[in-house]
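Using the working numbering, read the sequence shown as starting at 200 and increasing by one per residue. Beta carbons are placed, not taken as given, at the ideal position from N, Cα and C, and that holds for glycine. What you are looking at is a predicted structure, and each value in this text was computed from that prediction instead of being measured.
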Amino acid sequence: MKSAWIILLAGFVSLAAVAQQSEVRTPGSFRGVKSSEAIDVYLKKGDKESVKVEITGGQLSEVITEISGGYLRIHMRESNGWGRNKRDVKVYVTYVNLDKLSASSASNMFSDGPIKFTTLDVHASSAANIEVSIDGGDVTVHASSAGDISLEGKAKSLRADASSAGEIDAYNLTVEGAEASASSAGTVKLNVSTSLEAHASSGGSIRYRGNPGKTNTDSSSGGSVKRSN
Numbered sequence: 200m201k202s203a204w205i206i207l208l209a210g211f212v213s214l215a216a217v218a219q220q221s222e223v224r225t226p227g228s229f230r231g232v233k234s235s236e237a238i239d240v241y242l243k244k245g246d247k248e249s250v251k252v253e254i255t256g257g258q259l260s261e262v263i264t265e266i267s268g269g270y271l272r273i274h275m276r277e278s279n280g281w282g283r284n285k286r287d288v289k290v291y292v293t294y295v296n297l298d299k300l301s302a303s304s305a306s307n308m309f310s311d312g313p314i315k316f317t318t319l320d321v322h323a324s325s326a327a328n329i330e331v332s333i334d335g336g337d338v339t340v341h342a343s344s345a346g347d348i349s350l351e352g353k354a355k356s357l358r359a360d361a362s363s364a365g366e367i368d369a370y371n372l373t374v375e376g377a378e379a380s381a382s383s384a385g386t387v388k389l390n391v392s393t394s395l396e397a398h399a400s401s402g403g404s405i406r407y408r409g410n411p412g413k414t415n416t417d418s419s420s421g422g423s424v425k426r427s428n
């Protein structure tokens, strides 16, 4: 009988670990979001900063949300225990203003509506993925180590750098002026109307749409810069 109760209790504990848990947090003021470790992050504009955390297959205490250097940092508590790779974590971030986005280690980041900005820095690395809509001034984008960035909307200028199999897809982002560089199998795709400066090397690829009146392009070591249909 005792062993039956132990088995039943173990079953309840197992179900509790698998069930989804959620909570709302108030981390404080931030102007950037930085995520890692396969966490999915959803960004939405609001009047006050807040964070909603959802986890399946783990505990809420495993998900760390903290302010550091102006960033809201979202990551997992260090753990080597069972189920580490079975967790599903989603974090819903309400922001007031943003000028920095960074994702790494297979994290995913998405926006609900356009992010309005004066200047914006976007970074993706180590198989992370960022897909956001933007509307603003000057945007700087870096993708490396198989990181992917997809942008849509409009901006005054774009600086894009892709390396080590990183990819930047900005075909659906309309910009006036752009500076792009691609190396080590990195890829940049962009849509520019006025001026373009592009440099590709070591198997890097740059493809552009639009009819910029001013262009300065070069390629070396197997890199290529071409107009796309």
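Within 10 angstroms of the Cβ of Thr264, are there 16 or more other Cβ atoms? Answer buried if so, exposed if not. Counting Cβ neighbours within 10 Å, Thr264 comes out buried, since at least 16 surround it.
Are Lys247 and Thr293 touching if we call contact CB-CB under 9 angstroms? Result yes, Cβ atoms of Lys247 and Thr293 sit closer than 9 angstroms.
Asp337 versus Lys353: straight-line alpha-carbon distance, rounded: So the two alpha carbons sit approximately 10 angstroms from each other.
Can you list, in chain order, the residues of its chain with a C-beta nearer than 6 angstroms to that of Ser400? Leave out the 5 residues immediately preceding and following it. Result list for Ser400: Ser382, Ser419, Ser420 and Gly422, in chain order.
Check whether the Cβ atoms of Gly365 and Ala379 sit closer than 9 angstroms, and answer yes or no. Cβ distance not < 9 angstroms, so Gly365 and Ala379 don't count as in contact.
Evaluate contact between the region 230-245 and the region 305-317, counting only Cβ atoms and requiring at least three cross-stretch pairs below 8 angstroms. Short answer: they touch.
Given Val262 as reference, the closest of Arg230, Pro226 and Asp368 once Cα atoms are compared: Ranking the options by Cα distance to Val262, first place goes to Pro226.
Residues in the same chain with beta-carbon distance under 7 angstroms from Glu222, minus the five sequence neighbours each way, listed in chain order, please. Only Val252 and Leu259 meet the Cβ criterion.
Between Lys413 and Ser392, how many whole angstroms is the CB-CB distance? I'm expecting something under 8 angstroms. About 11 angstroms separates the two Cβ atoms, so there is no contact after all.
Distance check for Ile329 and Ala305, CA to CA, integer angstroms please. Roughly 10 angstroms separates the two Cα atoms.
If you reduce the DSSP assignment to three classes, tell me which class Ser301 lands in. Strand, per DSSP.
Taking all protein chains shown into account, decide if Ser301 is buried (16 or more other Cβ within 10 angstroms of its Cβ) or exposed. Answer is buried; the Cβ neighbour count reaches 16.
Where Arg358 and Val240 are concerned, what is the direct C-alpha to C-alpha distance, given to the nearest angstrom? So the two alpha carbons sit approximately 24 angstroms from each other.
To which residues of the same chain is Ser427 closer than 6 angstroms at the C-beta, ignoring the five residues directly before and after it? Take Ser427, set aside five residues on each side of it, and the residues of its chain with a beta-carbon closer than 6 angstroms to its own are Arg406 and Arg408, in chain order.
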